[in-house]
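Residue numbers (my numbering), protein chains in the order written: chain A, 1 to 285; chain B, 1001 to 1292.
Okay, here's the thing in structure tokens:
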């Protein structure tokens, strides 16, 4: 082997190893070790699942994780003899976008704190984090307010250290994050869309990605397509579907806008705008 | 107390009773009374199995505990010797109603199958293997809670709410709580494609063929209609407790109350096709009353 070939191979190996260290962590790698805070230890063996076996961890909702693109998960409970319990689930998704999607889905309407990394949401007893391809859910039981703050601060520092890097939001979300970030959910796939509004069986709207924004009196759903032509084709096909469906009444169409009432008497408005279809589902007054 | 008819049943024993109001405990009692009374389903000395959708934290995603307390009170009053929850109930669940202190002793008289706790791993002591189900189209190699086959009366207590894949989860999907997790995973994954909605719905309908509940009491008071089955999500509050024993009819009726089209709910279609019940409500006696 010549010196040049050796050097090339060495560089390639170093690159692969570097890539693995930077981006190749599994969910299991990210779980804090025993004594991550003094006195806190895992109370049972870590539960770890890959791919479809996620159904063995989640009772209701595993299908959504799979739709977004799930890789592996690790979950365990930590106990302190006198301070309480902390349960942590670390999900590794197939991409940053997928992890952001489930983060935005699971946080509900809680207010996000937007950082370069991680993004976090606090509830009364829980914490949601998004860090690169990881979505992390933390729930506590029995902790004092101070104990919770301390634990949350430790975890917010721990995960970026384990999986360094700046979070990259999906472009569709980025375009709307200024005004709507706390109420917006990034949606991937028809099952994700079903979670907000059911347009009927089959992927009628050919959805791959969307943004769902929840307001007090309405929901806005922004469906994004690769180009104007695709959006127009889907819009036309949807308008035909809408006209023939017993799901809607008072159906009206005007240029690139559709209007109808659904079964819950919501007003559904669909507008075609470039490569997007904008839905507004307004509650009855 | 007022019971005001909102709709008319065509015979003395309705197929479905819906009681609307704001007192969930009393609505449950009245719904079963109007269905013919608890004595129709539970006899003195009976062993009663109850399956409740209680394992969620968000209001609108779990059955209001007052429905369950009313059910166990009625069953004990009818002379039940033993009441067993076929899936365990977290003790914290009961504290979600102010009725808990009053009925604490009654609740303490019930038992539960602790081992059927998620992720419910098969053991010969607790579960039984059922390789084939007569009349089933897709479900096979089931692992079900053994005590299901030892009870004299089986009461199914679901909540009508959203589920991303099946759209509605109510009386039929709730029976997945009788399975080991391994069995349930087959429903999701053994179809022509991963998480195939048609296959999942067929398996759920088939499961009903194993042991049909004698009584279904569905909580349609406050229900998650998006981001189900766990929520949080949009909620509606039809304020109804609905009782019956035809799962197809009941799920059809409940779907409409929370704004879902029965045609979208594949479990209803599949169950109708294998003869589990009637989906045309105009052919049934539906009694709707308001309890005040």
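By construction, the Cβ of each residue, glycine as well, lies at the ideal position given by its N, Cα and C atoms.
query, result
"Reduced DSSP secondary structure (H/G/I, E/B, other) of residue 63 of chain A", "helix"
"Paired residues, beta bridge with residue 1112 of chain B - DSSP", "B/1085"
"Cutoff 8 Å; reference residue 1195 of chain B; Cβ partners in own chain excluding five residues on either side", "1165, 1188 and 1189"
"Residues of the stretch 63-89 of chain A whose Cβ lies closer than 7 Å to any Cβ of chain B, in chain order", "63, 64 and 66"
"Limits of the unbroken alpha helix (DSSP H) element including residue 1188 of chain B", "1181-1189"
"Partners in chain B for residue 198 of chain A, counting only beta-carbon separations shorter than 7 Å", "1167 and 1264"
"CB contact below 8 Å: residue 264 of chain A versus chain B", "yes"
"The stretch 1016-1030 of chain B in contact with the stretch 1174-1185 of chain B per 3-pair CB rule at 8 Å", "no"
"C-alpha distance - residue 1104 of chain B paired with residue 39 of chain A, whole-angstrom precision", "36 Å"
"Which listed residue (B/1224, B/1124, B/1118 and B/1023) has its alpha carbon closest to that of residue 1055 of chain B", "B/1118"
"Limits of the alpha helix (DSSP H) - the one that residue 136 of chain A falls within", "No alpha helix (DSSP H) holds residue 136 of chain A; the beta strand (DSSP E) holding it covers 134-141."
"CB contact flag (residue 78 of chain A, residue 42 of chain A, <8 Å)", "yes"
"Every unbroken alpha helix (DSSP H) inside the stretch 1035-1097 of chain B [4 residues or more]", "1065-1077 and 1091-1094"
"Any C-beta of chain B under 8 Å from that of residue 183 of chain A", "no"
"Where residue 1012 of chain B falls, given that 16 or more other Cβ within 10 Å makes a residue buried", "exposed"
"Rounded C-alpha distance that separates residue 1258 of chain B from residue 1160 of chain B", "8 Å"
"Assumed close pair residue 1155 of chain B, residue 1048 of chain B - CB separation to whole angstroms, cut-off 8 Å", "6 Å"
"Positions along the stretch 227-260 of chain A whose CB lies within less than 8 Å of some CB in chain B", "246 and 247"
"Any C-beta of chain B under 8 Å from that of residue 52 of chain A", "yes"
"Start-end ranges of the beta strand (DSSP E) lying completely within the stretch 71-105 of chain A, minimum 3 residues", "84-93"
"Cutoff 8 Å; reference residue 58 of chain A; Cβ partners in own chain excluding five residues on either side", "65"
"Separation of residue 1256 of chain B from residue 175 of chain A, as counted between CA atoms", "37 Å"
"From B/1034, B/1077 and B/1221, residue whose alpha carbon lies closest to that of residue 1043 of chain B", "B/1077"
"Under 8 Å between C-beta atoms of residue 257 of chain A and residue 269 of chain A", "yes"
"Nearest-angstrom Cα separation, counted from residue 1020 of chain B out to residue 1213 of chain B", "23 Å"
"Buried or exposed by the 16-neighbour rule on C-beta atoms within 10 Å, applied to residue 154 of chain A", "exposed"
"Limits of the alpha helix (DSSP H) - the one that residue 171 of chain A falls within", "171-174"
"Neighbourhood of residue 1038 of chain B by C-beta distance below 6 Å, restricted to the same chain and skipping five residues each side", "1032, 1074 and 1078"
"Three-state class that DSSP yields for residue 1226 of chain B in the structure shown", "coil"
"Chain-ordered residues of the stretch 1103-1136 of chain B with a beta carbon less than 8 Å from chain A", "1118 and 1119"
"Cβ-Cβ distance between residue 261 of chain A and residue 249 of chain A below 8 Å", "yes"
"Chain B within 8 Å of residue 108 of chain A, Cβ atoms only", "yes"
"Segment limits, alpha helix (DSSP H) that includes residue 232 of chain A", "228-243"
"Start and end residues, beta strand (DSSP E) containing residue 1244 of chain B", "1240-1244"
"Residue 222 of chain A vs residue 278 of chain A beta-carbon contact at 8 Å", "yes"
"Integer-rounded CB distance, given that residue 151 of chain A should sit under 8 Å from residue 213 of chain A", "Rounded, the Cβ-Cβ distance is 32 Å, inconsistent with contact."
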